[in-house]
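Novice: Protein chains in written order, with the UniProt record's numbering: chain C, 1 to 215; chain Z, 1 to 215. Using N, Cα and C, we set each Cβ at its ideal position, and we do this for glycine too. Since we're looking at a predicted model, the values are computed, not measured.
Protein chains: 2
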Amino acid sequence: MFKEQLRGLLPLYLVTDLSEYEGKSALHIVREALQGGVTMVQLREKKAQLRDTLQAGAAIRELCREHGVPFIVNDRVDVALLLDADGVHVGQDDLPAREARKLLGEGKIIGVSAGTMEEAEWAMEQGADYLGVGAVYATLTKGDAGAPIGTGLIAQIKERWPQVCMVGIGGIHPGNSKEVIAAGADGVAVVSAITRQADPKQAAQTLLRHMKETQ
Amino acid sequence: MFKEQLRGLLPLYLVTDLSEYEGKSALHIVREALQGGVTMVQLREKKAQLRDTLQAGAAIRELCREHGVPFIVNDRVDVALLLDADGVHVGQDDLPAREARKLLGEGKIIGVSAGTMEEAEWAMEQGADYLGVGAVYATLTKGDAGAPIGTGLIAQIKERWPQVCMVGIGGIHPGNSKEVIAAGADGVAVVSAITRQADPKQAAQTLLRHMKETQ
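#1: Can you say whether K3 of chain C is buried or exposed, counting buried as having 16 or more other CB atoms within 10 angstroms of its CB?
#2: Who are the near neighbours of L6 of chain Z in its chain, counting only those whose CB is closer than 7 Å to its CB and skipping five residues on each side?
#3: Exposed or buried, what is R31 of chain Z when buried is set at 16 or more other beta-carbons lying within 10 Å of its beta-carbon?
#4: Determine, for V30 of chain C, whether the minimum Cβ-Cβ distance to residues of chain Z falls below 9 Å.
#5: Please report whether the beta-carbon of K102 of chain C lies at a distance below 9 Å from any beta-carbon of chain Z.
#6: Three-state secondary structure (DSSP) at K46 of chain C?
#7: Is it a yes or a no for the region 99–118 of chain C touching the region 65–78 of chain C, going by three-plus beta-carbon pairs under 8 Å?
#8: Can you look up G187 of chain Z in the DSSP assignment and give me helix, strand or coil?
#9: Which residue marks the beginning of the beta strand (DSSP E) containing A204 of chain Z, and which one marks its end?
#10: What residue does the beta strand (DSSP E) around I194 of chain C start on, and which one ends it?
#11: Touching or not, the region 31–41 of chain Z and the region 41–49 of chain C, by the rule of three or more beta carbon pairs under 8 Å?
#12: Pairs of beta-carbons, one from the region 207–214 of chain Z and one from the region 166–179 of chain Z, closer than 8 Å: are there three or more?
#13: Within the same chain, show all residues whose beta-carbon is closer than 8 Å to that of A193 of chain Z, passing over the 5 residues directly before and after it, in chain order.
#14: By how many angstroms is the C-alpha of G184 of chain Z removed from the C-alpha of T116 of chain Z?
#15: Between G111 of chain C and I72 of chain C, is the Cβ-Cβ spacing less than 9 Å?
#16: Please classify residue 222 of chain C: is it buried, with 16 or more other beta-carbons within 10 angstroms of its beta-carbon, or exposed?
#17: Under the assumption that A114 of chain C contacts V133 of chain C (Cβ atoms under 8 Å), give the Cβ distance between them as a whole number of angstroms.
#18: Using three-state DSSP, classify L10 of chain Z as helix, strand or coil.
#19: If you count every other CB in all the chains shown that lies within 10 Å of the CB of A61 of chain C, and 16 or more means buried, which is it?
#20: What residue range does the alpha helix (DSSP H) around A100 of chain C cover?
#21: Counting only Cβ-Cβ distances shorter than 9 Å, please list the residues of the region 117–130 of chain Z near chain C, keeping chain order.
#22: Is it right to say E118 of chain Z is buried, meaning 16 or more other beta carbons lie within 10 angstroms of its own, or is it exposed?
#23: Straight-line CA distance for G105 of chain Z to E22 of chain Z?
#24: Would you identify the three-state DSSP class for K24 of chain C, choosing helix, strand or coil?
#25: Once DSSP output is grouped into helix, strand and coil, what is the label at I172 of chain C?
#26: Any Cβ of chain Z within less than 9 Å of the Cβ of V180 of chain C?
#27: Determine the contact status of Y13 of chain Z and V190 of chain Z, defining contact as a CB-CB distance below 9 Å.
#28: If you run the structure through DSSP and keep just helix, strand and coil, what is A128 of chain C?
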């Protein structure tokens with residue numbers, strides 16, 4: 001995966017679990033989000049039985065392929081391999097990126113979460129393809145996300161590694177998405193700003209439009 | 001893995017996490033347990049950062065190899081692959097055995113937990129090499145183990161599949177280990193009966209002696 005090719009895939013990164021919302025399945029939500037222009041999709045499911053995750057994940061992967069959008073699996077490299085995903089996203093407690101790479105090979109995308117400069121350094125040393133930096137703003141989606149850190153770390157990381165690929169994550173919505181891009185991120189990763197909206201397609205379009213106004 | 005070869009590896013199956021006990025590291029405990037005659041070792045660590053699990057797991061794997069004892073990883077097939085483990089043990093919520101097999105290949109051991117006949121049937125259909133049946137007795141080690149089921153299911157499984165490889169797990173100690181073998185299990189899987197004893201080596205020897213008296 002070349003950096004500039006990956007950078008183009010990061011503007012609007014949807015992170016989703018498998019839960020329904022207002023009668024819509026996760027698959028339905030992802031379909032609408034893809035129609036709205038989402039550029040990358042991550043399945044982050046922590047509660048379901050893995051047999052169900054494999055089944056639902058395969059359907060989401062197919063949808064992503066139809067749209068030419070990378071499909072990423074959170075944490076579990078074994079699940080990523082079984083789903084023939086385009087990559088994994090790992091947190092600091094998960095498999096180190098270098099170990100994940102041994103199993104996935106060079107052609108796959110490996111993203112790493114970072115909430116401090118030390119974590120970013122470690123991720124870069126481990127060969128992360130992109131960083132997921134946050135939680136930028138307060139979020140209710142991820143209980144263990146920690147206190148919001150604002151956009152300062154994004155700016156610091158961009159200064160330290162100007163060529164880094166990076167998305168901000170945590171509490172991002174149309175109203176604050178510009179700040180994240182202005183600080184130096186290539187895109188925003190969102191959960192509820194798309195999955196918990198009445199119209200995920202429109203929510204994705206709105207986010208993309210707001211970010212474009214920055215440039 | 002041929003069934004009769006595997007059966008010989010099941011008599012005393014140690015399941016351990018990475019926690020210390022009375023100043024002894026998990027590695028130290030496993031070493032003493034191996035000296036006491038443990039025939040198989042499973043690393044079931046749910047809390048540690050995976051980078052630490054990989055490091056400690058590699059040391060335990062080496063110890064097991066020195067003793068010619070299989071080293072099994074709980075749940076995570078990716079970790080098993082990275083540690084070049086001899087197999088995985090999966091619960092009903094984990095990767096199905098058939099999926100794990102795709103990643104691990106035919107030469108590795110795949111065990112599956114079963115607490116009901118339905119779960120045992122599913123595990124057998126999925127190509128499990130052995131079943132871990134329980135919780136046989138009340139246990140404090142595994143919070144989600146469910147109510148104890150006694151040895152009845154072991155006997156039923158043995159009747160249904162006479163050639164099955166099977167260990168009982170959950171609350172087993174020298175005093176009740178014979179019942180588990182008498183019901184039809186090839187061995188017992190224990191956690192605290194070895195890892196939480198002052199002398200793990202002696203604890204293992206005592207368990208083996210008690211079980212021999214059954215035969």
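Specialist: Looking at the coordinates:
#1: Working through the first sequence from its first residue, we reach residue 3 of chain C at position 3. So K3 of chain C ends up on the exposed side.
#2: Here residue 6 of chain Z refers to the residue found at position 6 of the second sequence. Contacts found: I109, D129, Y130 and C165.
#3: In the second sequence, the residue the question calls residue 31 of chain Z occupies position 31. R31 of chain Z should be labelled buried.
#4: For this step, residue 30 of chain C is matched to residue 30 along the first sequence. So no, V30 of chain C is outside the interface.
#5: Along the first sequence, read from residue 1 onward, the residue named residue 102 of chain C stands at position 102. Yes, its Cβ sits closer than 9 Å to a Cβ of chain Z.
#6: Reading the first sequence from its first residue, position 46 is the one you call residue 46 of chain C. Looking at K46 of chain C - three-state DSSP - the assignment turns out to be coil, as it is neither helix nor strand.
#7: Result yes; three or more Cβ-Cβ pairs closer than 8 Å.
#8: For the purposes of this step, residue 187 of chain Z is identified with residue 187 of the second sequence, where counting begins at 1. It is a strand residue.
#9: Taking the second sequence and counting its residues from 1, the one referred to as residue 204 of chain Z is at position 204. Premise fails: A204 of chain Z lies in the alpha helix (DSSP H), P200 to K212, not in any beta strand (DSSP E).
#10: Taking the first residue of the first sequence as 1, we reach residue 194 of chain C at position 194. Unbroken run through I194 of chain C is the alpha helix (DSSP H), S192 to T195; no beta strand (DSSP E).
#11: Contact between the region 31–41 of chain Z and the region 41–49 of chain C is absent, with fewer than three C-beta pairs closer than 8 Å.
#12: Touching, yes, given that three or more Cβ pairs across the two stretches are closer than 8 Å.
#13: Counting from one through the second sequence, the residue named residue 193 of chain Z turns up at place 193. Cβ neighbours of A193 of chain Z beyond the five flanking positions: I172, H173, P174, A203 and L207.
#14: In the second sequence, counting from the first residue as 1, residue 116 of chain Z sits at position 116. In the second sequence, counting from the first residue as 1, residue 184 of chain Z sits at position 184. Rounded to the nearest angstrom, the two C-alpha atoms are 16 Å apart.
#15: Within the first sequence, residue 111 of chain C is the residue found at index 111, counting from 1. Within the first sequence, residue 72 of chain C is the residue found at index 72, counting from 1. Yes.
#16: This structure leaves residue 222 of chain C out entirely; chain C is present only between 1 and 215.
#17: Numbered from its first residue, the first sequence carries residue 114 of chain C at position 114. Numbered from its first residue, the first sequence carries residue 133 of chain C at position 133. Yes, they are in contact, since the Cβ atoms of A114 of chain C and V133 of chain C sit about 5 Å apart, within 8 Å.
#18: For the purposes of this step, residue 10 of chain Z is identified with residue 10 of the second sequence, where counting begins at 1. L10 of chain Z falls in the coil class under three-state DSSP.
#19: Here residue 61 of chain C is taken as the residue at index 61 of the first sequence, counted from 1. Inspection of the sequence shows that residue 61 of chain C is occupied by Arg rather than by Ala. It is buried - the Cβ of R61 of chain C has at least 16 other Cβ atoms within 10 Å.
#20: The count along the first sequence starts at 1 and reaches residue 100 of chain C at position 100. Residues A97 to L104.
#21: So the list is empty, because no residue satisfies the distance condition.
#22: Position 118 of the second sequence holds residue 118 of chain Z. By the 10 Å Cβ count, E118 of chain Z comes out exposed.
#23: The sequence position of residue 105 of chain Z within the second sequence is 105, counting from 1. The sequence position of residue 22 of chain Z within the second sequence is 22, counting from 1. So the two alpha carbons sit approximately 39 Å from each other.
#24: Residue numbering aside, residue 24 of chain C sits at position 24 when the first sequence is read from its first letter. Looking at K24 of chain C - three-state DSSP - the assignment turns out to be strand.
#25: Within the first sequence, residue 172 of chain C is the residue found at index 172, counting from 1. In the structure shown, I172 of chain C sits in coil (DSSP, three-state: anything other than H, G, I, E or B).
#26: As a first step, residue 180 of chain C is located in the first sequence; it is residue number 180 there, counting from the start. V180 of chain C does not count as touching chain Z.
#27: If you number the second sequence from 1, residue 13 of chain Z lands on position 13. If you number the second sequence from 1, residue 190 of chain Z lands on position 190. The answer is yes: Cβ separation under 9 Å.
#28: Indexing the first sequence from 1 puts residue 128 of chain C at position 128. Looking at A128 of chain C - three-state DSSP - the assignment turns out to be coil, as it is neither helix nor strand.
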